[in-house]
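See below for the structure under consideration.
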Amino acid sequence: MHPGPLRRTVAQPCEKYFVKVAALHERIRAMRTEDMTMRAIAEREGVSTRAVHYAIHKNDPPRTPDTPQAPKTDASADA
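Structure follows, in structure tokens:
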């Protein structure tokens, strides 16, 4: 198969892609504010849980050495 037909069906202009991704990220953030789990959001949108995590946290400020970590809630941490 010549790559031309495949490229025409798959490729899209960058601007169109960025608009599509921005809309996806907005939907993901909206669903997360409705207390949906990352797995449920990923399943509904057809993306990985990693993609959902990225969309939720991509605008977070970078961590610094002074930024405290969240306390561990694992029961084995007490032992």
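Just so you know, we're using the numbering used here here: the sequence shown kicks off at -1 and counts up by one.
Glycine is no exception: its CB is placed at the ideal position from the N, C-alpha and C atoms.
Taking the Cα of M29 as reference, the smallest distance to any Cα among P59, K14, Y15 and H51 is reached at H51.
For S46 and A53, the gap between their C-alpha atoms comes out near 11 Å. A residue is called buried when at least 16 other Cβ atoms come within 10 angstroms of its Cβ; A9 does not meet this threshold and is exposed. The C-beta distance from E43 to L22 rounds to 7 Å, short enough to fall under 8 Å.
In the DSSP assignment, R27 falls within the alpha helix (DSSP H) that extends over C12 to T31. DSSP, read as helix, strand or coil, puts R61 in coil.
In the structure shown, V50 falls within a helical segment according to DSSP collapsed to helix, strand and coil.
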